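These notes concern the structure reproduced below.
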Amino acid sequence: MAEPLIAFQTVSKLYAGQPAVEAVTLDIPAGQFVAVVGASGSGKTTLTKMVNRLVEPSSGSVLVEGADVAASDPVQLRRRIGYVFQGVGLFPHLRVAENIAITPRLLKWPQPDVAARVIELLDLVGLPQAYADRLPDQLSGGERQRVGVARALAARPAILLMDEPFGALDPITREALGRATRTLHDKLGLTTLMVTHDVQEALLLADRILVMAGGRLLADATPRDLLKGHPDPVVAALIDTPARQARALSALMGAGA
Ligand SMILES: Nc1ncnc2c1ncn2[C@@H]1O[C@H](COP(=O)(O)OP(=O)(O)OP(=O)(O)O)[C@@H](O)[C@H]1O
Ligand SMILES: [Mg+2]
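Numbered per the working numbering, the sequence shown spans residues 43 to 299.
See below:
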């Protein structure tokens, strides 16, 4: 079997003695789109931040391409791992182009390469070139999220971590951005770990869903398998709502035909 691109080996994180993530073990092969769902405070952000060393595990190891991230240079590591922050977190005083160019600049790319990459990225995430000179507060929420994705992809990472990338958006924009992200994932051959509160979004976009509760990994399965039912009542309840809505909608559409 091919080596996993990301591996968690009995990873725990404690804050003041309290576990935020507890004994998580899992392998993510290259190319997979993985969604992380679970209640607020269940450890989703903590789990993802251990991949790029924004958080260090209290015990256990996280491996990227077979190497323990604890032994890698954080700047080099983050070049290979794009990160879309919870709440996007663009620098408000920097223009769109400057926000997108942060990592390439840190990596000291030549200026013409940086400029060319910004043009390419605006195109990739479907934003007009004219937006390059705007400040973040001159954009809609959905446009800001697109800039966040462009910034995360700037240095051509193999891995994309996204923490609630489409939070606080209307459902239509959210769905469009979700689909655009999945298309980018496929086109660029990324390995994606996306945290979301929206179980339906996770079911429709991801190849695999991780369900967290109280820092533990309660379920790890494909959308299709999760929809067949799950022995854990927390997982079953989480999946049941979108499944019930889908059944109700299809009954409604059937009734109208
Ligand atoms: N820097 C920190 N210091 C202390 N406790 C923390 C810290 N970061 C997270 N925690 C705690 O760890 C637990 C998990 O937090 P985490 O942010 O990973 O949850 P989450 O699943 O991302 O929640 P949300 O859906 O609200 O973003 C929570 O109980 C939280 O209070
Ligand atoms: Mg979070």
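All residues carry an ideal CB built from backbone N, CA and C; glycine is no exception.
All of these numbers come straight from a predicted model, not from anything done at the bench.
Under the DSSP assignment, Gln153 falls in the alpha helix (DSSP H) whose first and last residues are 153 to 166. Between Leu219 and Leu211, the C-beta spacing is below 8 Å. With fewer than 16 other CB atoms across the displayed protein chains lying within 10 angstroms of its CB, Gln60 is exposed. Only residues of its own chain outside the window of five on either side were considered, and among them His227, Thr234, Ala248, Asp249 have a CB closer than 6 Å to the CB of Phe75, listed in chain order. The distance from the Cβ of Ala72 to that of Leu47 is about 4 Å, consistent with a contact at the 8 Å cut-off. Beta bridge pairing from DSSP links Gln60 with Tyr57. In its chain, beyond the 5 residues on either side, Gly124 have a beta carbon closer than 6 Å to the beta carbon of Leu195. The DSSP-derived three-state label of Asp175 is helix.
Around the beta carbon of Gly83, fewer than 16 other beta carbons lie within 10 angstroms, which makes this residue exposed. Boundaries cannot be given for Val93, as no beta strand (DSSP E) includes it and DSSP labels it neither H nor E. Distances from the CB of Tyr125 to the heavy atoms of ligand 1 are all 7 Å or more. Along the region 216 to 261, the beta strand (DSSP E) occurs as fully enclosed runs of 3 or more residues at 233 to 237, 250 to 255, listed in sequence order. Distances taken from the Cβ of Thr238 to the heavy atoms of ligand 2 include none shorter than 7 Å. Going by beta carbons, Lys55 and Ala65 fall outside the 8 Å limit.
Contact check between the region 127 to 139 and the region 181 to 190: three or more CB pairs, one atom from each, fall below 8 Å, which counts as touching.
Thr145 and Ala197 have their alpha carbons spaced roughly 6 Å apart.
According to the DSSP assignment, Leu203 belongs to the beta strand (DSSP E) that extends over 201 to 205. Residue range 138 to 142 is occupied by the alpha helix (DSSP H) that includes Val138. When rounded, the separation of the alpha-carbon atoms in Gly296 and Ala290 is 10 Å. Apart from sequence neighbours up to five positions away, the residues of its chain that approach Ser100 with a beta-carbon distance below 6 Å are Ser54, Lys55, Leu56, ordered along the chain. Measuring C-alpha to C-alpha distances from Arg120 to each of Ala172, Leu149, Pro134, Gly80 identifies Leu149 as the nearest.
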